[in-house]
């Protein structure tokens, strides 16, 4: 069965520290997509990244980077030199199967608190 | 103007009330969704509409009734809710319902059922 696990419920760091948010997924499909979303206190989830199952290249976007490893079914997210504005709940999500768009399977989220 | 707008932001209702949640998207998308976010639980997909037709009903109780009059508007009609229905209800939209579509979310309606 498909599942997304974010084992870290809450993480607290001090500004400028690096922090990695873990995501482990389960799926029987060979074609799938993985996502990360950020949910700030205002409530709306904001799309951060999408990765398909055939592309294991790591990606860097500014202070954000993602490490996709199919061998361990993981899609971890690292924030370098964290800032207070990074405080939010971060969700990892899985989308699989043709004609299954929008049916994201979410992890439980990791609440990140960055203290000044 | 934000891409996806939800009203109201907060709603308190009794178990015998009838209320509606509204969602409007200004992105020209063809698909809209309702998700439920309860405390300590992952987001749960409730309904999917594509081109105004419901394509998914994720075993949601009949006390939740969606309506999609056009591709820009989505409603969630509520009646005889239970306290366990208290949650953040998020609307989202996407260009289509393909597997790789990214979703654009509204800020949600925080619902409390007394």
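Protein chains in written order, with this note's numbering: chain A, 2 to 117; chain B, -17 to 96.
Each residue gets a CB set at the ideal place from its N, CA and C atoms; glycine is no exception.
| query | At least one CB of chain B closer than 8 Å to the CB of residue 104(A): is that the case? | reply | yes
| message | Below 7 Å on C-beta distance, what does residue 87(B) contact in chain A? | response | 45, 46
| task | Could you check if residue 52(A) is buried or exposed, using at least 16 other CB atoms within 10 Å of its CB as the buried criterion? | result | buried
| request: Pull up the distance between the alpha-carbon of residue 51(B) and that of residue 36(B), whole angstroms please. | output: 11 Å
| field | Within 8 Å of chain A by C-beta, residues of the stretch 57 to 81 of chain B in sequence order | value | 70, 72, 74, 76, 78, 79, 80, 81
| How about residue 91(B) and residue -7(B): do their beta carbons lie closer than 8 Å? | yes
| query | For residue 112(A), which of helix, strand or coil comes out of DSSP? | reply | strand
| Length of the line joining the Cα atoms of residue 44(B) and residue 61(B) | 9 Å
| For residue 74(A), which three-state DSSP category applies? | coil
| Opening and closing residue of the beta strand (DSSP E) in which residue 5(B) lies | 0 to 7
| task | Report all residues from its chain with a CB closer than 7 Å to the CB of residue 34(B); omit the five preceding and five following residues, and keep chain order. | result | 50, 52, 53
| task | List the DSSP bridge partners of residue 78(B). | result | Its beta-bridge partners do not exist; DSSP assigns none.
| Who are the neighbours of residue 53(A) on chain B, taking C-beta pairs under 7 Å? | 82
| said: Using a Cβ-Cβ distance cut-off of 8 Å, determine whether residue 90(B) contacts chain A. | reply: yes
| N- and C-terminal bounds of the beta strand (DSSP E) containing residue 94(B) | 91 to 95
| query | When the Cα atoms are used, what is the spatial distance from residue 78(B) to residue 16(B)? | reply | 15 Å
| What span of residues does the beta strand (DSSP E) with residue 19(B) cover, start to end? | 13 to 19
| message | Strictly under 8 Å for the Cβ-Cβ distance: is residue 115(B) near chain A by that measure? | response | Beyond the ends of chain B as shown, which are -17 and 96, falls residue 115(B); an answer cannot be given.
| Whose CA, out of 8(A), 17(A), 3(A), 6(A), lies closest to the CA of residue 88(A)? | 17(A)
| query | How is the beta strand (DSSP E) around residue 11(A) delimited, first residue to last? | reply | 11 to 15
| field | Length of the line joining the Cα atoms of residue 55(B) and residue 4(B) | value | 7 Å
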